[in-house]
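Asker: First the structure, then my questions, so here it is.
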Amino acid sequence: MSHDQTYDVIVIGAGPAGSTAATVLAMHGRRVLVLEKEKFPRYSIGESLLPCCYFPLERIGVLDQMTDSRFQVKRSVQFVNSDGSLSQPFYFDRHLDHPAATTWQVLRSEFDQMLLDNSRSKGVEVREETRVLDFLGENGAVVGVRALSSAGEPVEFRASMTVDASGRDALGMSRNRWREPDSTLKKFALWTYYRGAQRDSGRDEGATTVAFLPDSSWFWYIPLPDGLVSVGIVANRDYLFGDTRDLETIFDREVAKNRWIREHLAPGERVSVPIDRESPFHVTSEWSYRSRECADTGLLLTGDALGFLDPVFSSGVFLALKGGEMAGDAVHAALEAGDLSPARFEEYGAQVRHGFAAMRALVYAFYDQAFSMREFLTEYPHLKGDVTDCLIGNLFRDYDELFSAVERFAGRKEGA
Numbered sequence: 040m041s042h043d044q045t046y047d048v049i050v051i052g053a054g055p056a057g058s059t060a061a062t063v064l065a066m067h068g069r070r071v072l073v074l075e076k077e078k079f080p081r082y083s084i085g086e087s088l089l090p091c092c093y094f095p096l097e098r099i100g101v102l103d104q105m106t107d108s109r110f111q112v113k114r115s116v117q118f119v120n121s122d123g124s125l126s127q128p129f130y131f132d133r134h135l136d137h138p139a140a141t142t143w144q145v146l147r148s149e150f151d152q153m154l155l156d157n158s159r160s161k162g163v164e165v166r167e168e169t170r171v172l173d174f175l176g177e178n179g180a181v182v183g184v185r186a187l188s189s190a191g192e193p194v195e196f197r198a199s200m201t202v203d204a205s206g207r208d209a210l211g212m213s214r215n216r217w218r219e220p221d222s223t224l225k226k227f228a229l230w231t232y233y234r235g236a237q238r239d240s241g242r243d244e245g246a247t248t249v250a251f252l253p254d255s256s257w258f259w260y261i262p263l264p265d266g267l268v269s270v271g272i273v274a275n276r277d278y279l280f281g282d283t284r285d286l287e288t289i290f291d292r293e294v295a296k297n298r299w300i301r302e303h304l305a306p307g308e309r310v311s312v313p314i315d316r317e318s319p320f321h322v323t324s325e326w327s328y329r330s331r332e333c334a335d336t337g338l339l340l341t342g343d344a345l346g347f348l349d350p351v352f353s354s355g356v357f358l359a360l361k362g363g364e365m366a367g368d369a370v371h372a373a374l375e376a377g378d379l380s381p382a383r384f385e386e387y388g389a390q391v392r393h394g395f396a397a398m399r400a401l402v403y404a405f406y407d408q409a410f411s412m413r414e415f416l417t418e419y420p421h422l423k424g425d426v427t428d429c430l431i432g433n434l435f436r437d438y439d440e441l442f443s444a445v446e447r448f449a450g451r452k453e454g455a
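In the working numbering, the protein residues as written are 40 to 455.
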C-alpha cells in the first residue's frame, strides 16, 4: 500500500459530526482522511441549531463565517397549543448571558459545506463520492476501510483509527449488530417547504415553533433564508397513515387541525427542496435509536452513527457537533497513549450517553400525555432553568432533580 493511502485517522462521513471530528484531529496535528459517499453541497434535514452549538463551532474556527452568513438568526423556541394559542416563548438570552444566546436556522446544504471546507482549510484530505463498503480488520482490530472510489473502482485506505460518522447508514452499528431501536419513540416524519409563509415579527422572526396536535403529534415550523420555511409533522404511523397514503392529503389534513400553523402557511406557496425533486414532500420513519457500544479496537462511533433522538427539541446537529468534537479529542488522546482498545473510550461513551439521556428524558416527557410543561413549571418554578438548559443544549450536567420531578408529576397526572 502506497504511503499516501495510509493515515492517522479515517473519518467516514462529512456531515457535522464527521467534519468536526476531522477538524479537531487535524488541529491536533493528525493526518486525516474524510470519505464521503455524496457530492457536496447536498440536501439534509436538521436545520435548527441550539445555542450550545456555539462552543464547538468556536472551537473549530467557523463562528465568523456563521455570523457573516445569510442564515436566519434564532433567539427562542416557542410552543403552540393544539387550539392554536401561543404560549410564552423561551428566550435564550433570559437564561444565558453570552453571545451563544443568539443562534441560527441553517440551510444544511450550505452549513455542511462550510464545515467541510473548514476541514480542508485545516489540512484534512477529503474524498467525495467515495462509498465505504466495509472495515479492514487485522488481529481483531479495525485498521482501515474498503471503499468504492468516485470512478467506481475498489480502493483500500489504512489508518490507526477509524471514526464512523456515517450518519443513519450507521456502518459500524450495522456490521456489529449494536443497534437498539427506541420503541417508545418510533415515529414518522412528513415535511415540506413553503416560500412566502408568515413569519413572526421582531425578535420572534427566527423562532423555532413546536405546534401541538392531538394524540402526541406535533408540527415544527422553522424560518430559513430566502423566505423559506421548513414545516413538518411528527406522529405515530397509525395516526398519519390510518386513512390514506397520499402525502399531500395527509399533510393538508393535519394543517387544518392547528389554527396557528394554518394561518402562518396561508400566504405561502409550497415548493420542492431540493428544487429538482418531483415531490415537495419528504418522509422518514423510526427516528430514534442508539448503539449498544461506542467503540471497537481501532474504531469509534460518533454523531448519528452512534445514536439519534426524536427531533422535537432540535438536538441533532448539536449532538453531532459536540459528539464530533469529543470524538476528535478522544481519538487524539488514544493515539498519544498508544491504546486503541474499546476500554480507552469508556469515558467518551459515558459522556455522550449522559447528554443523550438528558435530552431523551425531556423528549419522553413531551410525548407523555399526562405531562404539561406549563402546569409542571407552575408547580416547580425553580426548575425552569433546568428545562431551559436542556433546550439550549447544556446537556452535560446533573439533571437528577428535574427528571425525578417530571416522573412524579406525570405519575400523579396519570393517576388522577
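Even glycine gets a Cβ: it sits at the ideal position worked out from N, Cα and C. Please read all numbers here as calculations on a predicted model, not as lab measurements.
How many angstroms separate the CA atom of ARG238 from the CA atom of PRO264?
Answerer: For the purposes of this step, residue 238 is identified with residue 199 of the sequence shown, where counting begins at 1. For the purposes of this step, residue 264 is identified with residue 225 of the sequence shown, where counting begins at 1. Taking the Cα positions, ARG238 is about 12 angstroms away from PRO264.
Asker: Quick one, are the C-beta atoms of ALA56 and VAL73 less than 7 angstroms apart?
Answerer: The residue you call residue 56 lines up with position 17 of the sequence shown. The residue you call residue 73 lines up with position 34 of the sequence shown. No, the pair does not count as a contact, with Cβ atoms beyond the cut-off.
Asker: Checking 7 angstroms against the spacing of the C-beta atoms, do ALA246 and GLN127 come in under that value?
Answerer: For the purposes of this step, residue 246 is taken as the residue at position 207 of the sequence shown. For the purposes of this step, residue 127 is taken as the residue at position 88 of the sequence shown. Taking 7 angstroms as the Cβ cut-off, ALA246 and GLN127 do not qualify as a contacting pair.
Asker: What residue ranges within the region 51-125 form continuous alpha helix (DSSP H) runs of no fewer than 4 residues, ordered along the chain?
Answerer: 55-66, 93-99, 102-107
Asker: Determine, using beta carbons only, whether PHE435 and GLY377 come nearer to each other than 7 angstroms.
Answerer: Along the sequence shown, one-based indexing puts residue 435 at 396. Along the sequence shown, one-based indexing puts residue 377 at 338. In this structure, GLY377 does not lie closer than 7 angstroms to PHE435 by Cβ.
Asker: So what does DSSP say about GLY241, is it helix, strand or coil?
Answerer: Residue 241 sits at position 202 when you count from the first residue of the sequence shown. Of the three classes helix, strand and coil, the one that applies to GLY241 here is helix, per DSSP.
Asker: Mind pulling the beta strand (DSSP E) runs of 3 or more residues that sit fully within the region 147-228?
Answerer: As far as the region 147-228 is concerned, its whole beta strand (DSSP E) runs of at least 3 residues are 164-166, 170-177, 180-187, 193-203, 218-220.
Asker: Does DSSP classify ALA334 as helix, strand or coil?
Answerer: The residue given as residue 334 occupies position 295 in the sequence shown. Correct three-state label for ALA334: strand.
Asker: In this structure, how does DSSP classify ARG234 when only helix, strand and coil are distinguished?
Answerer: What you label residue 234 is simply residue 195 of the sequence shown in a count that begins at 1. Reduced to three states, the DSSP call for ARG234 is strand.
Asker: How long is the line joining the alpha carbons of ARG292 and SER58, rounded to whole angstroms?
Answerer: Working through the sequence shown from its first residue, we reach residue 292 at position 253. Working through the sequence shown from its first residue, we reach residue 58 at position 19. Straight across, the Cα-Cα distance linking ARG292 with SER58 is about 39 angstroms.
Asker: Please report the distance separating the alpha-carbon of PRO193 from that of THR336.
Answerer: Within the sequence shown, numbered from 1, the residue matching residue 193 stands at position 154. Within the sequence shown, numbered from 1, the residue matching residue 336 stands at position 297. If I take the Cα positions, the gap works out to 24 angstroms.
Asker: Are the beta-carbon atoms of VAL119 and ALA204 separated by less than 7 angstroms?
Answerer: Locating residue 119 in the sequence shown gives position 80, where the first residue counts as 1. Locating residue 204 in the sequence shown gives position 165, where the first residue counts as 1. Cβ distance not < 7 angstroms, so VAL119 and ALA204 don't count as in contact.
Asker: Give me the Cα-Cα distance between GLY307 and GLU287, rounded to the nearest whole angstrom.
Answerer: Numbered from 1 along the sequence shown, position 268 holds the residue referred to as residue 307. Numbered from 1 along the sequence shown, position 248 holds the residue referred to as residue 287. Separation of GLY307 and GLU287 (C-alpha to C-alpha, rounded to the nearest whole angstrom) is 15 angstroms.
Asker: Using a Cβ distance threshold of 8 angstroms, determine whether the region 430-449 contacts the region 386-400, with at least three qualifying pairs required.
Answerer: The region 430-449 and the region 386-400 touch, with no fewer than 3 CB-CB distances between them shorter than 8 angstroms.
Asker: Given this structure, state the Cα-to-Cα distance separating GLU440 from LEU416, to the nearest angstrom.
Answerer: Sequence index remark: in the sequence shown, residue 440 carries index 401 (1-based). Sequence index remark: in the sequence shown, residue 416 carries index 377 (1-based). Their Cα atoms are separated by approximately 13 angstroms.
Asker: Use the C-beta contact count for SER158: other C-beta atoms within 10 angstroms, 16 or more gives buried, fewer gives exposed.
Answerer: The residue you call residue 158 lines up with position 119 of the sequence shown. Per the 10 Å Cβ criterion, buried.
Asker: Assign HIS303 to buried or exposed, taking buried as 16 or more other Cβ atoms, counted over all protein chains shown, within 10 Å of its Cβ.
Answerer: Within the sequence shown, the letter at position 264 stands for residue 303. So HIS303 ends up on the buried side.
Asker: Skipping 5 residues on each side, what residues in its chain have a beta carbon closer than 6 angstroms to that of GLN44?
Answerer: Looking up residue 44 in the sequence shown gives position 5. Cβ neighbours of GLN44 beyond the five flanking positions: PHE196.
Asker: Rank VAL163, ARG109, PHE129, ALA236 by C-alpha distance to the C-alpha of LEU430 and give the top, closest one.
Answerer: As a position in the sequence shown, residue 430 is number 391, starting the count at 1. The shortest C-alpha separation from LEU430 is found at PHE129.
Asker: Using the Cβ count rule (16 or more neighbours within 10 Å means buried), how would you classify PRO262?
Answerer: The residue you call residue 262 lines up with position 223 of the sequence shown. PRO262 comes out buried.
Asker: Output yes or no for whether 7 angstroms exceeds the beta carbon distance between ASP349 and LEU224.
Answerer: Position 310 of the sequence shown, counting from 1, holds the residue named residue 349. Position 185 of the sequence shown, counting from 1, holds the residue named residue 224. In contact: ASP349 and LEU224 (Cβ atoms closer than 7 angstroms).
Asker: Taking 8 angstroms as the cut-off, does the region 131-144 touch the region 84-100 (at least 3 CB pairs, one atom from each stretch)?
Answerer: yes
Asker: What is the C-beta distance between SER148 and PRO253, in whole angstroms, given that I count them as a contact (C-beta under 8 angstroms)?
Answerer: In the sequence shown, residue 148 corresponds to position 109, counting from 1. In the sequence shown, residue 253 corresponds to position 214, counting from 1. Actually they do not touch by this definition, with Cβ atoms about 34 angstroms apart.
Asker: Give the range of the alpha helix (DSSP H) segment to which GLN390 is assigned.
Answerer: Within the sequence shown, residue 390 is the residue found at index 351, counting from 1. 385-406 is the extent of the alpha helix (DSSP H) around GLN390.
Asker: Could you spell out where the beta strand (DSSP E) holding TRP259 opens and where it closes?
Answerer: Counting from one through the sequence shown, the residue named residue 259 turns up at place 220. Start and end: 256-262.
Asker: Check LEU339 in the structure and name its three-state DSSP category.
Answerer: As a working note, residue 339 is residue 300 in the sequence shown. Residue state, collapsed to three classes: strand.
Asker: Helix or strand or just coil, what does DSSP make of THR323?
Answerer: Indexing the sequence shown from 1 puts residue 323 at position 284. Reduced to three states, the DSSP call for THR323 is strand.
Asker: So, for PHE280: in the same chain, excluding its five sequence neighbours on each side, which residues have a beta-carbon less than 8 angstroms away from its beta-carbon?
Answerer: For the purposes of this step, residue 280 is taken as the residue at position 241 of the sequence shown. Non-local C-beta neighbours of PHE280 in its own chain, meaning closer than 8 angstroms and more than five positions away in sequence, comprise PHE227, ILE289, ordered along the chain.
Asker: Can you give me the Cβ contacts of HIS371 inside the same chain, cut-off strictly under 7 angstroms, excluding the 5 residues immediately before and after it?
Answerer: Here residue 371 is taken as the residue at index 332 of the sequence shown, counted from 1. So the list reads LEU64, HIS67, ARG69, once near-sequence residues are dropped.
Asker: Tell me where the alpha helix (DSSP H) around ALA295 begins and ends.
Answerer: Locating residue 295 in the sequence shown gives position 256, counting from the first residue. Note, ALA295: premise wrong, no alpha helix (DSSP H); not H, not E.
Asker: What does DSSP give as the partner residue(s) for ALA274 in the beta ladder?
Answerer: The residue given as residue 274 occupies position 235 in the sequence shown. ALA274 is bridged to PHE227.
Asker: Going by C-alpha to C-alpha distance, which of TRP230, GLU97, MET105 sits closest to ALA274?
Answerer: Walking along the sequence shown from the start, residue 274 turns up at place 235. The residue with the shortest Cα to Cα distance from ALA274 is TRP230.
Asker: What do you reckon, are the CB atoms on ALA366 and LEU339 nearer than 7 angstroms?
Answerer: Working through the sequence shown from its first residue, we reach residue 366 at position 327. Working through the sequence shown from its first residue, we reach residue 339 at position 300. In this structure, LEU339 lies closer than 7 angstroms to ALA366 by Cβ.
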